[in-house]
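**Q** So that we are looking at the same thing, I have put the structure below in structure tokens.
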Amino acid sequence: MRFGIDVAQQRMPWDEVVSRVQLAEELGFDGAWGFDHFQPMYGDGPGEAFDGVTTLAALAGQTSRIRLGLLVAGVTYRHPSVFASQMVTIDHASHGRLEMSLGAAWFDKEHTELGIPFPSTGQRFDRLEDALEICQRLMTGDEVSYDGKQVSLQHAVLLPKPVQSPHPPIWIGGNGPKRTLPLVAKYADVWHAFGTPNSLAESSARVDELAVAAGREPSAILRAGSLSLDDLDTARKHAAKWRDAGFGYLVCGWPGAGASQVEAFARDVMPDFTG
Numbered sequence: 266m267r268f269g270i271d272v273a274q275q276r277m278p279w280d281e282v283v284s285r286v287q288l289a290e291e292l293g294f295d296g297a298w299g300f301d302h303f304q305p306m307y308g309d310g311p312g313e314a315f316d317g318v319t320t321l322a323a324l325a326g327q328t329s330r331i332r333l334g335l336l337v338a339g340v341t342y343r344h345p346s347v348f349a350s351q352m353v354t355i356d357h358a359s360h361g362r363l364e365m366s367l368g369a370a371w372f373d374k375e376h377t378e379l380g381i382p383f384p385s386t387g388q389r390f391d392r393l394e395d396a397l398e399i400c401q402r403l404m405t406g407d408e409v410s411y412d413g414k415q416v417s418l419q420h421a422v423l424l425p426k427p428v429q430s431p432h433p434p435i436w437i438g439g440n441g442p443k444r445t446l447p448l449v450a451k452y453a454d455v456w457h458a459f460g461t462p463n464s465l466a467e468s469s470a471r472v473d474e475l476a477v478a479a480g481r482e483p484s485a486i487l488r489a490g491s492l493s494l495d496d497l498d499t500a501r502k503h504a505a506k507w508r509d510a511g512f513g514y515l516v517c518g519w520p521g522a523g524a525s526q527v528e529a530f531a532r533d534v535m536p537d538f539t540g
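So, in structure tokens, the structure goes:
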């Protein structure tokens, strides 16, 4: 099993963001995860929230081993071709350590306040489908013409190709049965689900069915869940349940107790699942 740590760069100074990611790298976590929002999602009043994509680019130069990603990049914030170019750039800057994520976006408050268009749910998922197709095809380096639902390309070429071949791993987050799970089955290398192992059993089985229908092996889609580190005994029990349910990656929330709790987890719990 692999473990990532969620640093969600909000309400903290930049040096703290870097410190958390470097600590996670030192402790042996597989990945460090930020978020793709321009405002904090909790707490009162305004607060620090660094842009997700440029945060990854900066962290690429502050680390050497740990993989870097966002949970998850909102498809409303950037044109898919621009996003693809940004991801290729970060993949090169990190020497192939990027995890590429995409989601339909949901935080309407920041869209409204910052003047970012927030289309209907159906339109956002249409754009997500276009973005997934566009990113995959542009990263081949071949000429791409694509007639999409929201975005179309004409004789487009994007170079260089990413370091990772054929592209950085694609993460898709969410459990929606009508739009999200079919996209997971068609495009995702990793499905980041929300819930418990028991509550996700039916959705996981559905991903298997849809993957087969799409001509893919279900085992090609890594299952990822979330894990609280606030209590280490509970974290150990829950990690075992996730593992037994077929999930191979857990994104750990940064605990209220801080770095000492993260260190204790890496020392006392993580080796039982990664050895």
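Each number in my numbering corresponds to the 1-based position in the sequence shown with 265 added.
Glycine included, every Cβ here is placed at the ideal spot set by N, Cα and C.
Just to confirm my understanding: we take L424, look at its own chain, exclude 5 residues before and 5 after, and list those with CB closer than 7 Å. What are they?
**A** Within the sequence shown, residue 424 is the residue found at index 159, counting from 1. Once the five neighbours on either side are set aside, the close Cβ partners of L424 are G406.
**Q** Taking only three categories from DSSP, how would you classify D496?
**A** What you label residue 496 is simply residue 231 of the sequence shown in a count that begins at 1. DSSP places D496 in coil when its eight states are reduced to three.
**Q** Identify which residue in L288, F315, S284 and A510 has its Cα closest to the Cα of Q274.
**A** Sequence index remark: in the sequence shown, residue 274 carries index 9 (1-based). With distances taken between Cα atoms, Q274 lies closest to F315.
**Q** Is Q526 helix, strand or coil by DSSP?
**A** The count along the sequence shown starts at 1 and reaches residue 526 at position 261. Reduced to three states, the DSSP call for Q526 is helix.
**Q** Extract the residue ranges of the beta strand (DSSP E) inside the segment 277-334, only unbroken runs of 3 or more that lie entirely within it.
**A** Counting only runs of 3 or more, we get 296-299.
**Q** Closest by CA to A396, which one among T354, S366 and H457?
**A** Position 131 of the sequence shown, counting from 1, holds the residue named residue 396. Ranking T354, S366 and H457 by Cα distance to A396 puts S366 first.
**Q** Once DSSP output is grouped into helix, strand and coil, what is the label at W456?
**A** Reading the sequence shown from its first residue, position 191 is the one you call residue 456. W456 falls in the strand class under three-state DSSP.
**Q** What residues are listed by DSSP as bridge partners for F372?
**A** Residue mapping note: residue 372 aligns to position 107 of the sequence shown, counting from 1. Answer is none; F372 lacks a bridge partner.
**Q** Taking C-alpha atoms, which residue in R389, Q388 and H420 lies nearest to L403?
**A** In the sequence shown, counting from the first residue as 1, residue 403 sits at position 138. Out of R389, Q388 and H420, H420 has the C-alpha closest to the C-alpha of L403.
**Q** Taking T354 and A323 to be in contact with their CB atoms under 8 Å, please state how far apart those CB atoms are, rounded to whole angstroms.
**A** Position 89 of the sequence shown holds residue 354. Position 58 of the sequence shown holds residue 323. Not confirmed; about 12 Å, so no contact.
**Q** Here's a check: name, in chain order, each residue in its chain whose Cβ is nearer than 7 Å to the Cβ of L312, leaving out the five neighbours to either side.
**A** Within the sequence shown, numbered from 1, the residue matching residue 312 stands at position 47. As written in the sequence, residue 312 is Gly, which differs from the Leu given in the question. Taken in chain order, the residues that qualify are Q275, R276 and P305.
**Q** In angstroms, rounded to a whole number, what distance separates the CA positions of L418 and P345?
**A** As a working mapping, residue 418 is identified with position 153 in the sequence shown. As a working mapping, residue 345 is identified with position 80 in the sequence shown. Between L418 and P345, the C-alpha separation is close to 10 Å.
**Q** Can you grab the Cα-Cα spacing for the pair N272 / T445, in whole Å?
**A** Residue 272 sits at position 7 when you count from the first residue of the sequence shown. Residue 445 sits at position 180 when you count from the first residue of the sequence shown. The question names Asn, but residue 272 in the sequence shown is Val. Each residue's Cα considered, the two are about 25 Å apart.
**Q** Please report the straight-line C-alpha distance between D373 and G387, rounded to a whole angstrom.
**A** Counting from 1 along the sequence shown, the entry for residue 373 is found at position 108. Counting from 1 along the sequence shown, the entry for residue 387 is found at position 122. Each residue's Cα considered, the two are about 15 Å apart.
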